[in-house]
Amino acid sequence: MRQPMFLVALVASIATTAWAQLDSSAIRAFNPASQDSLLPSGAFSPANPLMAAPENCPPCFNCLLPAFPCSHFSTCNQYDGRCSCPPGFGGDNCSVPVCGALSDGKDRPQRNEDETCKCKDGWSGINCNVCESDNVCDSLVPSGKNGTCYKGGLTVYENFQQCDVTNRKIMDTLGPDQPPAITFSCNQQNKTCDFQFWVAEVESFFCHLDTCSFGQDVKFDQTLTNYRCENIRCSCVPDRMLCGRDGSINIDDFLEEEIRGPANFVCKDDKSCVFEEPAMNELIMQFFGDPAIYLNCHSGECLHYTQVPGFARPPRPDYTLAIVFSIVGVFTFLIGLGIGIWYLARKPRSMGRGIIALSDDETSKLMAEHIPAALMFKEMSYSVGGKEVLRQISGLVKPGQIMAIMGASGAGKSSLLDILARRHKSGSVSGNIYVNGRIVSHQEYKRVVGYVDQEDTLMSTLTVYETILYSALLRLPRDMSFEAKHFRVMETMSELGILGIKDMRIGASGQRSISGGEKRRVSIACELVTSPSILFLDEPTSGLDSYNAFNVVECLVTLARTYNRTVVCTIHQPRSNIFALFDQLILLAKGHLVYSGETRSLNGHLRSLGHPCPEGYNMADYMLDLTMYNTKSAKSTPNRTNAGSINDDQDSRAGYGLASPSHSLERRTSLANDTLQWERELASREHDTPRLNGGQGANGHRPVGFAVDTTIGIDPASSGATSDSGTQQELEETNAHLQALVEGFRQSRILLDVEQQIDFAVDGNRMDETGQHSGSVHSNSSGNGNNRAISTYRRASWWSQFKILADRTLKNIYRDPMLMWSHYAMSVVLGLLCGALFYRVTNDIPGFQNRMGVFFFMCALFGFSCLSILPSFAHERILFVRERANGYYSPFTYFLSKVLFDIVPLRVVPPMLMGLIIYTMVGLVEGWTEFGKFFLVLVLFNLTASGVCLMIGIIFEEVGVANLMSSLVMLFSMLFGGLLLNKESIPENLSWLQKLSFFNFAFEALLVNEITFLQLIQKEFGLEIDVPGAVILSIFGFNSGAYWKDVQNLAIMAAVFFSVAFLWLQWRVNERR
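Residue numbering for the sequence shown is -20 to -1, 1 to 1053, as defined by mature numbering (1 follows the signal peptide of the UniProt record, and there is no 0).
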């Protein structure tokens, strides 16, 4: 081992010799005469620029020439003769430190001599190679974003370290003004490192290490970073500290000859490091007493954050339990729902409470404030499109009576009934309708009348009892107890003979259900249960056998007498025992009035015209045959109608040819007594009324006689009948026989009596209103004045209507659950299928495409599934129109119950079932907030699609047309949804169409909620580059900040669609006849 003094002398000698050799070599290099020149022989050529250059113009640097070596063991570029400098150094020969920032590349400024570098923000070190913050690294990563300053010390690509020498003896030797430091950098790809030793930030010597390996030794309490290089070469910087500067030793020879490696560089977690090399360790030990060079280092390497050692992307959450719980929860819900529906379907449907003992107050509730209503109508005419359907029809029916409107098919029976019931008619109506001698408002009139349509329109899923009960709950007085309403329902069913089928469902066509006749009686019961003051029935016996038909009419007579109600019905061809139950009769023929008056006077009137009913012949059949007489041969037409007198009750009864049952006679006698006071009042009026033609027959009826011809010329003013607004031309077009019947009644005393009674009631009511009338001339047998204003009770409130309709709607759903189960099964099955197809979607560009696909599929699925609402409302349209016309409820309460308890179970639950499955299986974005926002958009979209389908279904009555229009709306909305057509490519003048697409708002909201804060991974340049989701959204034309705006637009569109649907339902969907 060498001695220290010997080493010093040797180092000094070597340094002197080396300097002399370097000086002479340089002289020979620029002196062509020198024999020891290092230049090749070609360099002495006169053409060589080195030889031709003048003395005051040195040659350009060219590292290909031996005179211009590259410092720091950098390589020379074989093409341009320039040195490829390592990071942190510049100049022609790479010996000058550079400043600025490593990210500046070749634009870094060189450090002036005797100055130190001023690094840019975020950089540090003697030559500004060490990063300090992440933001300065963005420009050094391929993606330009997500750069990270890695300070862990382990070389990933190219690591830089700034180290302070902490050997105490070295620091003391150099003094505080000349702190020693080391810069250390390593390159993973080349397996090399570079080592520079600095004194007072002036480089003294440098080393190049190769065949290096880098690793970390992770222990329990610390982590060691190890660099090991097998070979090392070092070189001095001339005239620098330790390398020949005046007053300093020169270790150049030692570095070049002794330092060979291997070298180790080890750092701990506390940044304390050790650099070891055998020869250098020996020198340090001999001179300074330390076994190695001790350092305090801080490192920095700019990486993409995915390149940081130990980095691993967080694993996707394990959704296994969530998937299991969601699927189990969905099936548990469906099983529970199925059990509930099965239980509701199996439990007894009867809501009866056994025999109910009601108080006298309850049993008389319907009669407490009831005012008997006498119906009178005068000169009623009706025309459609210029064609006269009814012509000046007059008549009256008193409380406690039943009036039948009869005539052949097409005679105008139903039209007259609709006009009297004030149903909406499409034609022109003229004339006056009076109730107790006064004209009442339409609203008041509607509250005291009931109307039974000719066709049965009932909800198929309800039982007989429930159907009638709902009518009672909606229309009977709100202060009437449920027990009383229930009792009234049971009583009505008993009266109509349907008590035995009260728990049977109405049923639909093609299904086993109650018979057509039973459905007819249920329809009548829905009106009879309210015991209206005036009840209108269109063909109440239609579809019933003779026995049940008689029971129905008898029930009507009982209602009229017991509750002093007024009943008006049309009937086509009743049996004789049914015909005997009618008190008043209107006979029509081709819109003309053939008879209007008491049924018992009909035969006498016909006898006066020369057409008595033959013995044993049904009066109803004979009467219809008589009005259709024009179809018979002309030879049977009478030439003249003889005058005669109308007989009394015995005459009319004998004329029927069939004796009515005894109980019917008793009933008619009771009804006659019930109207005795009316007859007395009217009889007293007759004595003061001038008779037509100045006389009357012996029986009190005026004689009528006229010749029958093909034309009848009658002066309406002299006939005493109502003035005829028709023309002679119209009469001429009438069959001669029919003209005889019509004109015969016009000139009869019966019509005059009817008109006088109407005028008397109207005048009496007018006098009552002005206070000039004394005495109650309209009092009936019960003593209640009929001329008082009609008193109407308050029906169910809006809230009660809503609850009743909601209960009915829910029953309709769970008793016919096929549509509901179809929606639920579709949601679950397709949810599982989509979950399997898009299982655990990835956070990359293909994953983004899959997300777009699953969202668009869900929107399309629920959008078109909403078309199922079209037939469901179409089936209820007629029911709604009939019930609305009969005053069951307000359109608003019906619409609200329809929306909440029909649309919600079918349009809100399915997307929640499917969404719950898809969200967990597909692995959409985490977070309860995003989860809730996802469901909010799905539900709003489904409600919007339901709203537009409901609106179309209400506007278009035809299901086929509504289906086509709804499909077109869905396809239009899909086209502008954002997937089929890029938003940015839509022509500017058509871009406004996007605002009409609810698919656009829902699809964008779902994507924004899912993608905005998601980092998508794109593999480029060997890196997993993060692409912000907002960038991808903008490429497709979506606005990453538009979620709540889209939600708002969906809510507005849904509100608009439902509002338009309701307004159309309110103003346009009503009865028009």
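The beta carbon of each residue, even a glycine, is placed where N, CA and C say it ideally should be. Bear in mind the structure is a predicted one, so any value in this text is a computation, not a measurement.
Review point. Would the beta-carbon of glycine 867 fall within 8 Å of that of lysine 405?
Key: no
Review point. What first and last residue would you give for the beta strand (DSSP E) that runs through arginine 555?
Key: Note, arginine 555: premise wrong, no beta strand (DSSP E); not H, not E.
Review point. Where proline 520 and leucine 604 are concerned, what is the direct C-alpha to C-alpha distance, given to the nearest angstrom?
Key: 18 Å
Review point. So what does DSSP say about valine 1049, is it helix, strand or coil?
Key: coil
**Study point:** Three-state class that DSSP yields for methionine 383 in the structure shown
**Key:** strand
**Study point:** Per DSSP, cross-strand counterpart(s) of isoleucine 434
**Key:** The sequence as given places glutamine at residue 434; isoleucine does not occur at that position. Glutamine 434 pairs with nothing; no bridge assigned.
Point to revise | alanine 354 and threonine 546 closer than 8 Å at C-beta | key: yes
Review point. Mapping DSSP to helix, strand and coil, what is arginine 220?
Key: strand
Practice item. Report the residue ranges of all alpha helix (DSSP H) runs contained in full by the stretch 484 to 517; include only those spanning at least 4 residues, in chain order. Key: 496 to 508
Exercise for review: Mind checking who lysine 358 pairs with in its DSSP beta bridge?
Suggested key: Asn412
**Study point:** Classification of phenylalanine 311 by the beta-carbon crowding that lies within 10 angstroms, buried from 16 upward
**Key:** exposed
Check your understanding: So leucine 565 packs on threonine 550, CB below 8 Å; how close in whole Å?
Key -> Actually they do not touch by this definition, with Cβ atoms about 12 Å apart.
Check your understanding: Among Cys846, Ile162, Arg775, which residue has its Cα nearest to the Cα of residue 1071?
Key -> Residue 1071 lies beyond the residue range present for the chain, which begins at -20 and ends at 1053; the question has no answer from this structure.
**Study point:** Opening and closing residue of the beta strand (DSSP E) in which aspartate 226 lies
**Key:** Note, aspartate 226: premise wrong, no beta strand (DSSP E); not H, not E.
Exercise for review: Go to proline 871, then tell me how far its alpha helix (DSSP H) extends in each direction, as first and last residue.
Suggested key: Proline 871 -> alpha helix (DSSP H) spans 871 to 878.
Exercise for review: Measure the C-alpha to C-alpha separation of aspartate 1006 and glutamine 995 and round it to an integer number of angstroms.
Suggested key: 6 Å
Check your understanding: Under three-state DSSP, which class holds cysteine 535?
Key -> Helix at cysteine 535.
Review point. Which of the three DSSP states, helix, strand or coil, is assigned to proline 67?
Key: Correct three-state label for proline 67: coil.
Review point. Around the C-beta of leucine 568, are 16 or more other C-beta atoms found within 10 angstroms, so that it is buried, or is it exposed?
Key: Under a 10 Å Cβ-count criterion, leucine 568 is classified as buried, with 16 or more other Cβ atoms of the shown protein chains found around its own Cβ.
**Study point:** Proximity below 8 Å, CB of glutamate 990 to CB of arginine 820
**Key:** no
Review point. Near aspartate 433, what residues of its chain come up, given a Cβ to Cβ distance below 8 Å and the 5 sequence neighbours on each side ignored?
Key: Ser503, Asp518, Arg862
Practice item. Assign arginine 62 to one of three DSSP states: helix, strand, or coil. Key: coil
Point to revise | CA-to-CA distance, glycine 895 to leucine 918, given in whole angstroms | key: For leucine 918 and glycine 895, the distance between alpha carbons rounds to 8 Å.
Point to revise | glycine 375 - containing alpha helix (DSSP H), residue span | key: Looking at the DSSP string, glycine 375 is not in any alpha helix (DSSP H); the run it does join, the beta strand (DSSP E), is 367 to 377.
Point to revise | Coil, strand or helix - arginine 213 by DSSP | key: strand
Review point. At what residues does the beta strand (DSSP E) containing glutamate 138 begin and finish?
Key: 138 to 145
Point to revise | Sequence-distant residues of its chain with Cβ nearer than 7 Å to asparagine 980 (five each side left out) | key: Phe956, Gly957, Gly958, Gln974
**Study point:** Residue range of the unbroken alpha helix (DSSP H) whose run includes glutamate 937
**Key:** Run containing glutamate 937: none; DSSP gives neither H nor E here.
Exercise for review: Please confirm whether serine 228 and leucine 222 have their CB atoms less than 8 Å apart.
Suggested key: yes
Review point. Just checking, does the stretch 144 to 158 make contact with the stretch 274 to 291 on the three C-beta pairs under 8 Å criterion?
Key: yes
Practice item. Can you give me the Cβ contacts of phenylalanine 983 inside the same chain, cut-off strictly under 7 Å, excluding the 5 residues immediately before and after it? Key: Phe835, Phe836, Cys839, Gly957, Gly958, Leu959
Check your understanding: Can you tell me whether aspartate 94 is buried or exposed, with buried defined as 16 or more other CB within 10 angstroms of its CB?
Key -> exposed
Practice item. Quickly, what does DSSP pair alanine 243 with across the bridge? List them, please. Key: In the DSSP assignment, alanine 243 is bridged to Cys209.
Practice item. In the DSSP assignment, find the unbroken beta strand (DSSP E) run with phenylalanine 186 in it and report its ends. Key: 182 to 198
**Study point:** Given lysine 251 as reference, the closest of Asn206, Asp270, Arg225 once Cα atoms are compared
**Key:** Nearest of Asn206, Asp270, Arg225 to lysine 251, Cα basis: Asn206.
Review point. Hey, how far is the Cα of cysteine 814 from the Cα of arginine 296?
Key: 19 Å
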